[in-house]
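Number of protein chains: 2
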Amino acid sequence: MDLSERIETGMQHALRMATASGCPPRLARALRHAVFPGGARIRPRLCLAVAAACGDRDPVSATAAATAIELLHCASLVHDDMPCFDNAAIRRGKPSVQAEFGEATALLAGDGLIVAAFETLARETVHAPRLTGPLIAIIAKAVGAPFGLVAGQAWESEPEINIDQYHRAKTASLFAGAVSAGAVAAGGEPQAWLTLADALGSAYQVADDLYDALDDGDNAMGKPAHQDQLNGRPNIVAVRGVAGAMAHLRQLVDTAADSVPDCAGADALRGMIRNEAVRLMPKKLAASAA
Amino acid sequence: MDLSERIETGMQHALRMATASGCPPRLARALRHAVFPGGARIRPRLCLAVAAACGDRDPVSATAAATAIELLHCASLVHDDMPCFDNAAIRRGKPSVQAEFGEATALLAGDGLIVAAFETLARETVHAPRLTGPLIAIIAKAVGAPFGLVAGQAWESEPEINIDQYHRAKTASLFAGAVSAGAVAAGGEPQAWLTLADALGSAYQVADDLYDALDDGDNAMGKPAHQDQLNGRPNIVAVRGVAGAMAHLRQLVDTAADSVPDCAGADALRGMIRNEAVRLMPKKLAASAA
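Sequence lines, in order, name chains V and H.
Position 37 of the first sequence, counting from 1, maps to 37 under this note's numbering, and the rest follow consecutively.
Position 39 of the second sequence, counting from 1, maps to 1039 under this note's numbering, and the rest follow consecutively.
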């Protein structure tokens, strides 16, 4: 199975468990709507690519970690689209969960996906109990408070925002979690991968800012543009301009690719990082960066 | 340390971690507001009482399970009070999290508490990795979909409601989780405790319905009355009347106490169940049931 198949199989299994017979039918539909069809599945692919580079000694645990990370990413999108945040009607080219099912069901679907993520990790690592706790600790840190996704989103409600902590928590943290979890699931050392995680998380934030500022039409992020400006959020394009932001993005991708430690799958992973970066860039600009 | 001290110490430690330096300050305040001062901490006390009755072989893991259960209960209260559900301004005699901090921060505080619950379980069972997965599986089942709290709340948004599944998911599931987790943390067999969990969960639901219908003034549930009627939710008092509901409650408490399996702390636990039941009842009615 290639990486994408492993991820979709993991997601299908997790959703089958969460929406099993007895689940309120509307909630079950909302849970599936939040997860399928997916976006680029960047974070779980990164997780599995790092596990592969580390020798993939326990592919079942690596897939569980990748699945949990994507479930948590989907949960954060469902809650980000709620009226009290972005009030987004569209996500990944179709109605957002709150637009399709209403606020109450969207709130619960997000909660249910968070729980399903940790449940998946516990269930799928039964054969490797020494991995369960460390994987949950890594992934919970990436999404909770004080440094994860929840904290990142919360910075937007603070009277004073620390932009570095904000970006680190809102975007880089889950990339770092994906990389660390992939390494740990395969029996590797997460420390060796921290530069990669950091650089890639920052690169993704810059790409996100570029999309938001440029409105590329065919939007790889799957969400409406100009949200940062509308919501008064910091955006690197406003500070450095488009050319400056692109230069920064290229530099971050170089740093990420160069930081891949020597290991069996290192070259494949470096190639994946460079391809991913080009895929992430607004199409108008990608040619100049290839 | 008695049960209450163990719970409060566990909650303090979990909140110290979640609100550590670097946490957005407003989010940190909201997280603390959601958790302190607590309500009756019924579910974690039940968890620890069952662990004690089973010999309390691993008190650190039992406290971790109790703490996680209470964090999840607090998260559910924060989200239940949101405008898209009860739109409650008061909780435990003070402003609800959404009333004090706004919807956005309340949504994130609930999410953060869910994550903190699983993070606590992973962190505090490092010495006993064979317990981490089973405890997370039990507790996730009690709060997620298809059968936990999230599903229970979701039944309220369904066009047709299955009242038995609704009550089981919304109330009984977390009692069952508390009992099972307490037994497993102490090396006991959860199967022996399922009747107790079921009866106590149902008793709590009846008590909740009685409070809602009667508006006892000094409300042990810490929330406004007549919400069921206002929100068109099923309530056993509407079906059986006050006397019928009280008789049912007494019968459920008897079933719960009688079902305690033979073990070292059985008598103490039976006493706790009967005391808890009287404490739960609306004061107007408790005298007649003592």
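Glycine residues also receive a C-beta, built at the ideal position from the N, C-alpha and C atoms.
Using a threshold of 9 Å, state whether the C-beta atoms of H:R1026 and V:E124 are closer than that.
No; because the gap between Cβ atoms is not below 9 Å, this pair is not in contact.
Can you tell me where the alpha helix (DSSP H) holding H:F1101 begins and where it ends?
First-last of the alpha helix (DSSP H) with H:F1101: 1097-1101.
Could you tell me whether any Cβ in chain H is nearer than 9 Å to the Cβ of V:D56?
False, the Cβ-Cβ gap to chain H never drops below 9 Å.
Helix, strand or coil for H:I1136 per DSSP?
In the structure shown, H:I1136 sits in a helix (DSSP, three-state: H, G or I).
Residues of the segment 76-91 of chain V in Cβ contact with chain H at a cutoff of 9 Å, in chain order, please.
Cβ contacts with chain H: S76, H79, M82, P83, C84, F85.
Measure how close the beta-carbons of V:I69 and V:C47 come, nearest whole angstrom, since I'm counting them as under 8 Å.
Going by Cβ atoms, the distance from V:I69 to V:C47 rounds to 6 Å, so yes, they are a contact pair.
Taking the alpha-carbon positions, what's the V:A277 to V:T63 distance?
The straight-line gap from Cα to Cα measures roughly 23 Å.
Find the nearest neighbour of H:Q1153 within the set H:L1194, H:G1133, H:G1182, H:R1233, judged by alpha-carbon distance.
Comparing C-alpha distances from H:Q1153 to each of H:L1194, H:G1133, H:G1182, H:R1233 shows the shortest one belongs to H:R1233.
So who's on the other strand from H:I1090, going by DSSP bridges?
Paired residues: H:P1095.
Can you find the residues in the same chain that come closer than 8 Å, C-beta to C-beta, to H:A1176, ignoring five residues on each side of it along the sequence?
Counting only Cβ-Cβ distances below 8 Å, and skipping sequence neighbours, we find A1142, L1194, A1197, D1198, G1201.
By alpha-carbon positions, which one of V:V179, V:A181, V:G182, V:E156 ends up nearest to V:K170?
Residue V:E156 is the option with its Cα nearest to V:K170.
State the DSSP-derived secondary structure class of V:D2, mapped to helix, strand or coil.
DSSP places V:D2 in coil when its eight states are reduced to three.
Can you name, in chain order, every residue of its own chain whose Cβ lies under 8 Å from the Cβ of V:V206, other than the five neighbours on each side?
Taken in chain order, the residues that qualify are I236, A245, H248, L249, L252.
Using a Cβ cut-off of 9 Å (strictly closer), state whether H:Q1227 contacts chain V.
No, no contact with chain V.
Based on Cα-Cα distance, which residue from H:Y1211, H:L1269, H:T1120 lies nearest to H:A1225?
Considering only alpha carbons, the answer is H:Y1211.
Flag this pair as yes or no: are the beta carbons of V:A185 and V:D58 separated by less than 9 Å?
Yes, the pair counts as a contact, with Cβ atoms nearer than the cut-off.
What is the residue span of the alpha helix (DSSP H) that H:E1276 lies within?
Note, H:E1276: alpha helix (DSSP H), 1266-1280.
State the Cα-Cα distance for the pair H:A1290 and H:G1093, rounded to the nearest angstrom.
With a pLDDT of only 45 at H:A1290, under 50, the local geometry of the prediction cannot be trusted, and the value read off the model is given with reservation. So the two alpha carbons sit approximately 27 Å from each other.
Checking 9 Å against the spacing of the C-beta atoms, do V:L113 and V:A18 come in under that value?
Between V:L113 and V:A18, the C-beta spacing is below 9 Å.
Using a beta-carbon distance below 9 Å, is H:S1157 in contact with chain V?
Answer yes: the Cβ-Cβ gap between H:S1157 and chain V drops below 9 Å somewhere.
So what does DSSP say about H:I1069, is it helix, strand or coil?
In the displayed model, H:I1069 falls within a helix according to three-state DSSP.
Run the CB neighbour count on V:S173, radius 10 Å, all protein chains shown included, and call it buried at 16 or more, exposed below.
V:S173 should be labelled buried.
Cβ neighbours of V:S61 in the same chain (closer than 6 Å, five flanking residues each side left out):
Spatial neighbours of V:S61 in its own chain (CB-CB distance under 6 Å, excluding positions within 5 residues in sequence) are listed in chain order as T125, A128, L131, A185.
Which chain V residues are close to H:T1125, counting only those with a beta carbon under 7 Å from its beta carbon?
Below the 7 Å Cβ cutoff, chain V contributes G133 as neighbours of H:T1125, in chain order.
Could you tell me which uninterrupted alpha helix (DSSP H) segments, each at least 4 residues in length, are contained entirely in the segment 171-242 of chain V, listed from first to last along the chain?
Listed in chain order, they are 173-185, 194-214, 227-230.
Is it buried or exposed, H:G1133, if we count other Cβ atoms within 10 angstroms and call 16 or more buried?
Under this definition H:G1133 is a buried residue.
With 9 Å as the C-beta to C-beta threshold (strictly closer), list the residues of the segment 23-34 of chain V near chain H in chain order.
Within the segment 23-34 of chain V, C23, P24, P25, R26, L27, A28, A30, L31 place their CB atoms closer than 9 Å to a CB of chain H, listed in sequence order.
Would V:D111 and H:G1022 qualify as a contact pair, given that the criterion is a beta-carbon distance under 9 Å?
The answer is no: Cβ separation not under 9 Å.
Use the C-beta contact count for H:V1078: other C-beta atoms within 10 angstroms, 16 or more gives buried, fewer gives exposed.
By the neighbour-count definition (other C-beta atoms within 10 Å, threshold 16), H:V1078 is a buried residue.
Could you please give the first and the last residue of the uninterrupted alpha helix (DSSP H) stretch that includes H:P1044?
Taken as a continuous stretch (DSSP letters only), the alpha helix (DSSP H) holding H:P1044 covers 1042-1053.
Could you name the residues of the same chain whose beta carbon sits closer than 7 Å to that of V:L108, not counting the 5 residues immediately before and after it, in chain order?
The residues L27, in chain order, have a CB closer than 7 Å to that of V:L108 in the same chain once the five nearest residues on each side in sequence are set aside.
So, is H:M1011 buried or exposed, given that buried needs 16 or more other C-beta atoms within 10 angstroms?
Buried: at least 16 other Cβ atoms inside 10 Å.
Cα-Cα separation, H:G1187 to H:D1081
Approximately 37 Å between the Cα atoms of the pair.
At the level of alpha carbons, what is the spacing between H:A1203 and H:I1273?
Counting only the Cα atoms, H:I1273 lies some 11 Å from H:A1203.
Do we get a CB-CB distance below 9 Å when we pair V:P37 with the residues of chain H?
No, no contact with chain H.
Grab me the residues of H:L1104's own chain with a C-beta within less than 8 Å of its C-beta, minus the 5 sequence neighbours each way, in chain order.
For clarity, residue 1104 of chain H is Ala in the given sequence; the question names Leu instead. The same chain holds no residue with a CB closer than 8 Å to that of H:A1104 once the five nearest residues on each side in sequence are set aside.
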